[in-house]
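Structure first, commentary second.
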Amino acid sequence: MKIDPTFKYFDVAQAHFIINPEYRHDLSTITEEFLGFKIVDLKGQKDMLGMSDEEVQALGEKAQAILSLHKILRAKMKELDAERAYDDLDIPLIKVLASMELEGVCLNTSFYKELEGEFSKQIDEIEADVIKISGDKVNLRSPKQVGEFLFEKLQLPVIRKTKTGYSTDAEVLNELVALNVSPVPEMLLRYREVEKLLSTYVKALPAIIHPKTGKIHTHYQPSNAATGRLSSDNPNLQNIPVRTENGRKLRKGFVASKGRTLLSADYSQVELRLLAHFSQDENMLKAFKNDLDIHRQTAAEVFEVPLEKVTKDQRNGAKAINFGLMYGQTSFGLSQALRISQGEAKKYITSYFNNFQSVKSYLDGLKELAEQTGYAVTLFGRKRNLPDIKSTNRQIKAMAERVAINSPIQGTAADIIKLAMINIQDLIKKRNLKSRMILQVHDELIFDVVPEELEVMKVLVVEQMEGAVSLTVPLKVEMGTGNNWYDLK
DNA sequence: CCCAGCACGC
DNA sequence: GACGTACGTGCTGGGT
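Heads up: the first sequence begins at 10 in our numbering, then just goes up one per residue.
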């Protein structure tokens, strides 16, 4: 199959994504928005000779729409000074994504069969245990039935409500476990974990293996996430479990193709490094230039203790602050994350901003910029309109402010990895390498590598990822190799 | 068929 | 007094 178009082309959907990433990018919506008429949806693929006059006219209008949109959208991108994101990133990335999708990834199906048996058995056991306590059958997959069971039949204290009834999510169940009032919440937590793994991954992934290639072929959407990130679907390979050991095991099933090995490369703390670069905060810059443990450094400043006296809790607190920073987290959010009082959380945040004043002024500046210009912008000129920043509704405005903070950081990280992917793919081709880039997970790339090329690939990948852009902080990439996605170390 | 609730990733 | 950290995909149940 030929997937290397050398002709110049214009992608209406991708251009529209550059101009207004939050809208829909199908041709009929764009045509209506910019040309003011509706194109007729032609059903099925017919030969033109088999078309009625009306259908031929509709087809002509569609072609005319695309031609007109090309000029209008190109001019609009220029006006927005966003052509770089389109010409240098999104367009050249398209064929890279196509190549990754076609290449696919191998799945060890017998391993998944084993897991299915194991997990199904656990599900059955928990269900039986619950029936012993409840007397009659409760569908544990139904939040409604679970809520009635916990809070009406067992009379457990109601922790929180949703708009339709009792909340039974993991946070609620964990609180019930802590209260030590019933064995059921803990059973439900285990049930939910295993059921999730089973239904979303263990059963679903083998079923989607392509009959011809025998591999899993995800589909990357380059115009779906308003920040400029990619998304992955059918199946989503950007949310394969890693957090719990039980879930992480699923990664053992993602294996290198025959005779090859997997190579992973991920950006270390890329978003925090971008925050350091953008804010030019002395303390942060110093930490990254010296390749120090950023969370430990942050903890030392926030809690005003010497570096070597930083406790595990303090480091965790600093990590949560660093994490929340980029999302515009509030003291409430931080208090929830750390299970501390809101007052305590507020003190942490105040102390943080006292010690990292340039970060504070940078984040405030992002909000101001959004107020003045109406959008957030990345290093490569990718813009995201934020009309809600002018809202008189405080909640809506606050949400827009968080987006104004997060989008430039998340979006720039997305821009950078896109550029790295384009450059890596170019070099793989130029050097006639047989190794292939197969997956992208936001700040991580995975390659299916010919063993003889492993050392060459390692150097190539790290150089292109770390060198994609030159910032005032170094970008750092960590690599791992192994025969499956679990063992990449 | 669509929405709610829930849970997985970064 | 309510609200309360960004960006996604996809499962099941349950109501229409």
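Note that beta-carbon positions come from the ideal geometry of N, C-alpha and C, so glycine has one too.
- Take the alpha-carbon of M466 and the one of E475: they are about 14 Å apart.
- M57 counts as exposed, since fewer than 16 other beta carbons sit within 10 angstroms of its beta carbon.
- Shown here, R440 sits in coil according to DSSP, grouped into three states, outside any helix or strand.
- The stretch 360-372 makes contact with the stretch 271-290: 3 or more CB pairs, one atom from each, lie closer than 8 Å.
- Burial is judged here by how many other beta carbons sit within 10 angstroms of a residue's own beta carbon; R238 has at least 16 and is buried.
- Residue pairing for A274: DSSP places it in a beta bridge opposite L454 and M488.
- When the five nearest sequence neighbours on each side are left out, the beta carbons in the same chain lying within less than 7 Å of the beta carbon of E41 are those of K47, in order along the chain.
- In the displayed model, L301 falls within coil according to three-state DSSP, outside both helix and strand.
- Out of L188, K406, T387 and G262, the CA that lies nearest to the CA of L271 is found in G262.
- Between the C-alpha atoms of I28 and Q230 there is a straight-line separation of about 17 Å.
- Per DSSP, L428 has no beta bridge partner at all.
- In this structure, L428 is the residue among D496, L428 and A379 with its C-alpha nearest to the C-alpha of D97.
- If you look at M466, you'll find it in the alpha helix (DSSP H) that goes L463 to E475.
- Runs of the alpha helix (DSSP H) spanning 4 or more residues and lying entirely within the stretch 18-95 occur at 21-28, 36-44 and 62-88, in chain order.
- Pairwise C-beta distances place the stretch 98-117 in contact with the stretch 22-37, as three or more of them are shorter than 8 Å.
- Taking C-beta atoms as the reference points, L375 and T421 fail to come closer than 9 Å.
- The three-state secondary structure of N245, taken from DSSP, is coil.
- Sixteen is the threshold: when 16 or more other Cβ atoms of the shown chains lie within 10 Å of the Cβ of A329, as they do, the residue is buried.
- Excluding five sequence positions before and after S340, the CB atoms of its chain that fall closer than 7 Å to its own CB belong to Q351, A354, K355 and I358, given in chain order.
- The beta carbon of E487 sits closer than 6 Å to the beta carbons of D275 and S277 from its chain, once the five residues preceding and following it are set aside; these are given in chain order.
- The three-state reading of DSSP puts N493 in strand, counting E and B together.
- Looking at the DSSP output, S370 shares a beta bridge with no other residue.
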